[in-house]
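Converting from the sequence shown to the numbering used here requires adding 121 to each position, the first position being numbered 1.
By construction, the Cβ of each residue, glycine as well, lies at the ideal position given by its N, Cα and C atoms.
Bear in mind that the values here come from a model prediction, so they are computed numbers and not experimental data.
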Amino acid sequence: PDMKGAIQIHLFILYFSMQVPAPLYGANTSQTTSVLQRGAENYKDSIQFINATNKAVAHYTLSIEYMCSEPSTVGVEVVVSSDVKIGVPVYKRRWKCEKYLHTLRNRILQIKFPSIMLYRADYFTKQSIVVNSVILRGWIAPTNIGANNTSDAVTYEQAVTRTYKLLEALNPFERPYKNHKQSLRWDTEKIQEIKEKRIPQCLRESDVVQLLRGPFASTGRNFGVVKKLSKFDNMELEIIRKHSANNPRFTISMWIYVLRGCKQDLCGIIHYINANRTYGTPLLFLTQDGNIHFQMKLSSGKHNAGKSKFKLPFRHWCRLDLSLRGRKVITVYTMLIFFSYPEPVYYNDTSGYFVLAGSSHVRSFEGFFGPVKYYRIRALDSKMISNPLELNADFYQQIEQYYEKCQDINKIIRQYFQALGLTEKMSRMSNQMFNLFTVCSILEIFIIFLGLTSSLYPVIKVGEILFHKALDTLTRPGGLQQISHLIPSFVEASCCGYYRAAYFLGILFEAGLGVDIQPLQSLLYSMVAAQGKDRLALMHLGYKHYQGIDGYFLDYDMSFGYYISVAKMTVQDRQALEGEQALVEPVRLMDNLVLEIQTKENHDLFLWLRYQANHGNLFAQKKLAQMLYWGQQGVMRDIKAAAEWYSKSALETGDPLSMYEYALILFKGRGVEKNTKLALKLLKKAASKGSHEAINGLGWYYETFEKDYVRAVSYWEEAMKMGNLDALHNLGVVYGAGLYPGMPEKNEIEAFHYYYEAGFYGHIESAIHCSSYWSTGSLQSIPYNPRQAVLWAKYVAEQNGFLGYAMRKAINAYIQKSWNEALLYFLMTAETGIESSQTNIAYFCEENPELTSSHIAVDCAWKYYNLSAFQENPYPYALVKMGDYYYYGHKQQTKDMTQSVKMYSRAALQNYSQAYFNLGTLVEEGIQLPPEILELLDFDIENQSNSVSVLLQLYER
């Protein structure tokens, strides 16, 4: 059943097929003339079949009786329809009727049908098709029509008289084998006999594909869900699909929720990218006014488009059904709209890939997808489509309710801005007003806090202030007890467009932090935050779909859609250097040495480094510059101060790396005025000292400023030989763009090799390129690999500066013993799927059981150690912890020695001493390690005659 209140829109695009030319088959004919003359009243045209049999068989003899009243053309033809083509002529015969007018004539034809519709498949007849109908038809048309018209369909319709007969065709497995009058080699004949004795069975396969099983947040950016389909395994279905290329039949049914009209001319809903990476069939876009723009690729290679007269309603769930058959379009909404294409539509759903939402070609609409179902070879009426909002139906309803509430809140906010005027100041409120948690108090506090009076100030600032004020309340002693009272404030903050508040709500309901665990509420707020482009929320959903945990279904394509969005934002964030960003540093709470070097601007370590730097210490100068530029080790980012230290070390000490770094700052004007001349001078000087970074930088200069690709490539190839990753990436770019000197053609295969090598060693932009290739399978030599695409996109996303800032907040809070704040930030970052935060929150929960057990509904130590253990590169401490839990048993988890051995062994593979010790303890207790484990640990199994030798080797390691 459809969701209550949903609006259902059916968009049917039906294409009625055209006749396809087929080869002519010859026939022997004979003709007789009747000796009987008819009366004058009967001198009219007539044609009929005499004694025509009812079945289409070999050597079909047909007797035709006809009479012409004027010079005419007589035609006889056989038209066949199958599952893949309709109205295919397999036999044609025409002759003149001019000499014997007003005379009854008779002609005998020997009709030869194609073997594929008469006989079973064998060695020579490779295929036997299913025939749905066979029509034998004859006609008489005046010569000026019948002789000159090339279309048999038109001639038949314009004939002065016509007749037809339906013939039966046998089922393929009821047909006889054809006598080919050829002999096979004896071994081939034996193999054929064996094949013929087998009972043919069709592989169980459906043409129905669930492109999306559940909700997906569409952000309005150039990202979406890529779905690549393969050929059918079932031969019959694959034959139908192939033969339908110029007579497509398929149906796509999708639920979408549109928040607002398109901000560009067109926004992507669904489109197909073909092998040439251009638009194929179908294409469905949203216009600025809410109309549907639909476009198809024709067999000639041209594109033809139309636009619906209806408009999609905003902030309501709508179902769009798109059906295609032939070349006519029927759009059904509140009216019936017809649209005809001038020629057949071309369609091949395995040559490229589908994209739901946005791609590199087009931005997506802003809103959400619900379930999307695709029928590959069937054009269905809406009543025959099964695509209800059954799964998580409450969630889809809550989406509508949330945005309705937000509309009311934003309306009140706008009214208050207008009421306050441009010059009025509010100065009589106190901090106690924060406890009211009403829209009025939000606005009053907002104006006091900022000292602003303009009603035009962005509403998002209201949400930001409310969020941080509520979060400050939570981080105070006893603040976690107030979570349930603060939830309305977080909701209102999210409605104001500050989507970190929505993500925070999603985490609260996910972990049961101060509230009951509510998966649907967690999904709701996580989706809202992701749709608002919150980086942590996008990573959260990407991680859930990558792992298929916590009620989220496993879907690498959806996971990639979320991760690649954050990955590309990570590159942009690094270039912009705006907002609350810090370098992502995997600081782990159990690593005391790393914790000790975390500092702040007023701490001893930083002050000591500054003292050393001021006295000319090169290491201290470079370290300070790096810490300030990236916001490392707890230091706040300060680009201007970083530039000063880079300048000092570059100009005073002549350090090549410092000269390179300072040159980049001068080129880009970050923290200092741009000075291209000095920057180039420093680059050349650093390069002369052997700095591969500077050599690569010179290549960048000649490519960017001089457009001299010969010199640029020369520098990049020199830097590449020295191990520079940027140079590898840059060479990939020039190969991929067709800019490599002497090679004007694009060479994406060569580009991919450079991208792969650079990405493998950590270059984030190269990793993005590689993941994009894997996600689409658009290059023949690079197979479709969505899981690999997710892993590389995930790696880049986890370098995002906004994530790094949240992780830094957690570490700083832990160091300052602000336990509530540490818990909140560790939880927020752990739910993005980053391993170090998962290990930290588990360790924190284990070390603070009274705090966490009284406020968190989940067993967070077990949950996050377990999640950390199943990362691609798990931290050995987490593996040992999980091994301990399986060894001792943990709350609801019973003892499991097999799992314990596996966990210890995985940690031992990383040469973790505690893991070897624990394995030794198990051996001492009489537990025998499986041979595959010993082999994995590189033990000499043949010489391990007893447990003592294994034990000794474990303890030695």
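Just checking residue i against the ligand MG - is the residue's beta carbon closer than 7 Å to any of the ligand's heavy atoms?
i      : result
Ile390 : The ligand content of the structure shown is nil, which means the ligand MG is not present either.
What residue from the options has the CA that sits closest to residue i's CA?
i       : options                             : result
Arg325  : Ala338, Ser351 and Met356           : Met356
Asn941  : Tyr916, Thr594, Ser893 and Leu846   : Thr594
Phe245  : Val281, Glu191 and Leu305           : Leu305
Arg241  : Glu219, Ala934, Lys299 and Met1024  : Lys299
Val201  : Thr691, Ile250, Asn172 and Leu1043  : Ile250
Ile685  : Ala366, Lys665 and Met660           : Met660
Ile586  : Cys617, Cys388, Trp895 and Asp410   : Cys617
Asn367  : Gly382, Lys349, Lys352 and Gly422   : Gly422
Glu919  : Ser958, Val1001, Leu819 and Arg214  : Ser958
Ala771  : Lys1016, Pro598, Asn738 and Leu728  : Asn738
Met1018 : Gln992, Leu988, Gln1049 and Gln1035 : Gln1049
Tyr393  : Ala848, Phe415, Ala697 and Asp515   : Phe415
Val715  : Val255, Glu317, Asn933 and Pro210   : Asn933
Glu967  : Ala426, Leu710 and Arg436           : Leu710
Lys220  : Lys247, Thr264 and Arg1078          : Thr264
What are the boundary residues of the alpha helix (DSSP H) that residue i is part of?
i       : result
Glu942  : Trp940 to Ala951
Val649  : Pro640 to Gln652
Lys612  : Note that residue 612 is Val in the sequence shown here, rather than Lys. Residues Ile604 to Cys616.
Ile1079 : Here the chain covers residues 122 to 1078 and nothing more, so residue 1079 does not appear.
Ala927  : Gly922 to Ile936
Gln385  : Taken as a continuous stretch (DSSP letters only), Gln385 belongs to no alpha helix (DSSP H), as it is neither H nor E.
Ser1070 : Ser1068 to Glu1077
Val911  : Pro907 to Ala918
Phe1088 : Given that the chain is displayed from residue 122 to residue 1078, the structure contains no residue 1088 and the question cannot be resolved.
Glu866  : Segment: none, Glu866 is in no alpha helix (DSSP H) and carries neither H nor E.
What distance in whole Å lies between the Cβ atoms of residue j and residue i, which are believed to be in contact at a cut-off of 8 Å?
i      : j       : result
Leu803 : Ala833  : That pair is no contact at about 18 Å.
Pro403 : Leu443  : 6 Å
Ser480 : Gly345  : 6 Å
Phe923 : Gln702  : 6 Å
Asn845 : Glu814  : 7 Å
Leu433 : Leu407  : 7 Å
Leu333 : Leu512  : That belief does not hold up - the Cβ atoms of Leu333 and Leu512 are roughly 11 Å apart, past 8 Å.
Val281 : Asp166  : 5 Å
Thr194 : Arg215  : 6 Å
Ile628 : Leu1057 : Rounded, the Cβ-Cβ distance is 37 Å, inconsistent with contact.
Starting from residue i and walking both ways along the beta strand (DSSP E), at which residues does that stretch end?
i      : result
Met356 : That residue, Met356, is in no beta strand (DSSP E); its alpha helix (DSSP H) goes Met356 to His364.
Glu487 : Glu487 to Tyr496
Leu230 : Thr224 to Ile232
Pro210 : Val209 to Cys218
Met188 : Tyr181 to Met188
Thr340 : Phe337 to Thr340
Glu631 : Premise fails: Glu631 lies in the alpha helix (DSSP H), Arg621 to Ala632, not in any beta strand (DSSP E).
Gln901 : Counting along the chain, Gln901 falls outside any beta strand (DSSP E), and DSSP gives it neither H nor E.
Glu198 : Ser193 to Ser203
Arg475 : It should be pointed out that residue 475 corresponds to Phe in this sequence rather than to Arg. Run containing Phe475: Tyr474 to Ala478, per the beta strand (DSSP E) assignment.
Ile345 : The sequence shown places Gly at residue 345, not Ile. Start and end: Gly345 to Lys348.
Val330 : Val329 to Leu333
Ile168 : Ser167 to Ile171
Review point. Which full runs of the alpha helix (DSSP H) of 4+ residues lie inside the stretch 998-1050, going along the chain?
Key: 1018-1029 and 1034-1045
Review point. Taking only runs of the alpha helix (DSSP H) that begin and end inside the stretch 760-847, which ones reach a length of at least 4 residues, in chain order?
Key: 760-769, 777-789, 797-809, 813-822 and 830-842
Point to revise | Those runs of the alpha helix (DSSP H) which lie wholly inside the stretch 953-995 and span at least 4 residues | key: 956-968, 970-976 and 981-990
Check your understanding: Does the stretch 878-887 touch the stretch 666-674, meaning 3 or more C-beta pairs lie closer than 8 Å?
Key -> no
Review point. With contact counted as at least three CB pairs below 8 Å, one residue from each stretch, are the stretch 652-669 and the stretch 333-341 in contact?
Key: yes
Review point. Hey, which unbroken runs of the alpha helix (DSSP H) at 4 residues or more fall wholly within the stretch 679-742?
Key: 713-717 and 725-735
Check your understanding: Are three or more beta carbon pairs between the stretch 174-189 and the stretch 285-295 nearer than 8 Å?
Key -> yes
Check your understanding: At which residue ranges does the stretch 395-440 contain complete alpha helix (DSSP H) runs of 4 or more residues, listed in the order of the chain?
Key -> none
Practice item. State whether the stretch 1026-1035 contacts the stretch 991-999, with contact taken as three or more CB pairs (one from each stretch) at a distance under 8 Å. Key: yes
Practice item. Run through the stretch 243-321 for me and flag every whole alpha helix (DSSP H) of 4 or more residues, listed as ranges in chain order. Key: 264-267, 273-279 and 307-318
Exercise for review: Decide if the stretch 177-194 is in contact with the stretch 223-234; the criterion is three or more beta carbon pairs, one per stretch, under 8 Å apart.
Suggested key: yes
**Study point:** Cβ contact (3+ pairs, closer than 8 Å) linking the stretch 884-899 and the stretch 929-945
**Key:** no
Exercise for review: Flag this pair as touching only if the stretch 740-758 and the stretch 772-781 have three or more C-beta atom pairs under 8 Å; answer yes or no.
Suggested key: yes
**Study point:** Cβ pair count under 8 Å reaching 3, the stretch 366-384 against the stretch 485-503
**Key:** yes
**Study point:** Stretch-stretch touch, CB-based, cutoff 8 Å, three pairs: the stretch 854-872 with the stretch 820-840
**Key:** yes
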